[in-house]
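First comes the structure, then the notes that go with it.
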Amino acid sequence: MKHDKGMVIVLSGFSGAGKGTIMKHLMSSYPGFYHLSISATTRPIRTGERDGREYFFKSRQEFDEMIANGEFLEYATFNGNSYGTPKEYVTQLTREGKDVILEIEVQGALQVRDIFPDALLLFVMPPSADELKERLVGRGTESSEVISQRLAISARESALMPRYDYLIINDVLEEAVCEVHGIIQSEHFATKRNKSAIAMMQSQLKAFA
Ligand code: 5GP
11 MKHDKGMVIV LSGFSGAGKG TIMKHLMSSY PGFYHLSISA TTRPIRTGER
61 DGREYFFKSR QEFDEMIANG EFLEYATFNG NSYGTPKEYV TQLTREGKDV
111 ILEIEVQGAL QVRDIFPDAL LLFVMPPSAD ELKERLVGRG TESSEVISQR
161 LAISARESAL MPRYDYLIIN DVLEEAVCEV HGIIQSEHFA TKRNKSAIAM
211 MQSQLKAFA
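Per our numbering, the very first residue in the sequence shown carries number 11; after that it's consecutive.
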């Protein structure tokens, strides 16, 4: 069935909840279904990351210029670094009827909802807070100081979880990936997302009224 238009999908979740892994598996399990927005950030590049793949890595000055030029759909500060979603890619793809996923933190997610009221907001969390801590420690990419900071941020972010449309508990990865895909695909059938099909049917039925 052909649906009205592409969706803006926001995937947020605590640092260490497995958003990135879910995204990677979603993209490889359902090729062609989703387009991933690549953000710009001032945070230093991590080992294994590549400029233009995980992020567009920018200096503070470059990032500020992008803000001044109105190039961001949204931007926010996370743990002292700036992160922003370039506007052009998202607006272009949704215009073409494609689904675009933004993997961003909570302040940015709420900005996106203001701009695209029909955006679908998904929140990923692990089964427990202890599990979250274990995953962050096990990842081995951050110092214990940064891990503590990230857990404190998670505690603050949790206040905004009810503002999201769906909650995904990332216990078994494959299940979480299936759930994210299922939720997005079901959302395409929502009546509010199919106004032109409804209008067309109503108009055709006038002939029988
Ligand atoms: P990390 O440094 O671990 O890659 O990302 C830190 C946080 O920034 C994560 O919660 C990630 O989802 C979020 N983030 C990444 N890109 C963006 C963005 O463009 N905008 C906003 N608001 N948050 C982002």
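Backbone N, C-alpha and C fix where the C-beta goes; we use that ideal spot for every residue, glycine too.
Compute the Euclidean distance between the alpha carbons of residue i and residue j, then round it to the nearest angstrom.
{"i": "Ser164", "j": "Glu152", "result": "15 Å"}
{"i": "Tyr174", "j": "Leu132", "result": "6 Å"}
{"i": "Ile178", "j": "Glu189", "result": "7 Å"}
{"i": "Arg5", "j": "Ser47", "result": "There is no way to answer for residue 5, as the model of the chain reaches only from 11 to 219."}
{"i": "Val134", "j": "Ala86", "result": "19 Å"}
{"i": "Val147", "j": "Gly28", "result": "13 Å"}
{"i": "Ser168", "j": "Val156", "result": "18 Å"}
{"i": "Leu130", "j": "Leu170", "result": "15 Å"}
{"i": "Phe218", "j": "Ser206", "result": "19 Å"}
{"i": "Leu36", "j": "His191", "result": "7 Å"}
{"i": "Gly90", "j": "Gln117", "result": "14 Å"}
{"i": "Val100", "j": "Ala119", "result": "14 Å"}
{"i": "Asp140", "j": "Ser158", "result": "12 Å"}
{"i": "Pro41", "j": "Lys34", "result": "11 Å"}
{"i": "Phe88", "j": "Lys216", "result": "54 Å"}
{"i": "Arg281", "j": "Glu106", "result": "Residue 281 is absent from the structure shown; the chain starts at 11 and stops at 219."}
{"i": "Ile194", "j": "Ser154", "result": "36 Å"}
{"i": "Gln102", "j": "Asp61", "result": "22 Å"}
Identify, in the order they occur along the chain, each residue of the same chain with its Cβ nearer than 6 Å to the Cβ of residue i, setting aside the five sequence neighbours on each side.
{"i": "Gln214", "result": "none"}
{"i": "Gln212", "result": "none"}
{"i": "Ala78", "result": "none"}
{"i": "Glu197", "result": "Leu130"}
Excluding sequence positions up to five away, which residues of its chain have a Cβ less than 7 Å from the Cβ of residue i?
{"i": "Thr104", "result": "Lys15, Gly16, Val18, Val110"}
{"i": "Gln121", "result": "Glu84"}
{"i": "Phe24", "result": "Met135, Leu142, Ser164, Glu167"}
{"i": "Arg53", "result": "Asn91"}
Within 10 angstroms of the Cβ of residue i, are there 16 or more other Cβ atoms? Answer buried if so, exposed if not.
{"i": "Phe199", "result": "exposed"}
{"i": "Lys68", "result": "buried"}
{"i": "Met76", "result": "buried"}
{"i": "Gly58", "result": "exposed"}
{"i": "Ile32", "result": "buried"}
{"i": "Ser49", "result": "buried"}
{"i": "Ile208", "result": "exposed"}
{"i": "Arg149", "result": "exposed"}
{"i": "Arg56", "result": "exposed"}
In chain order, what residues of the same chain have a beta carbon less than 8 Å from the beta carbon of residue i, not counting five sequence neighbours either side?
{"i": "Asp181", "result": "Pro136, Pro137"}
{"i": "Pro96", "result": "Ser47, Ile48, Ser49, Ala50, Phe66, Met76, Glu81, Phe82, Leu83"}
{"i": "Lys202", "result": "Asp128"}
Give a yes or no on whether the C-beta atoms belonging to residue i and residue j are separated by under 8 Å.
{"i": "Gly30", "j": "Arg160", "result": "no"}
{"i": "Val20", "j": "Ile114", "result": "yes"}
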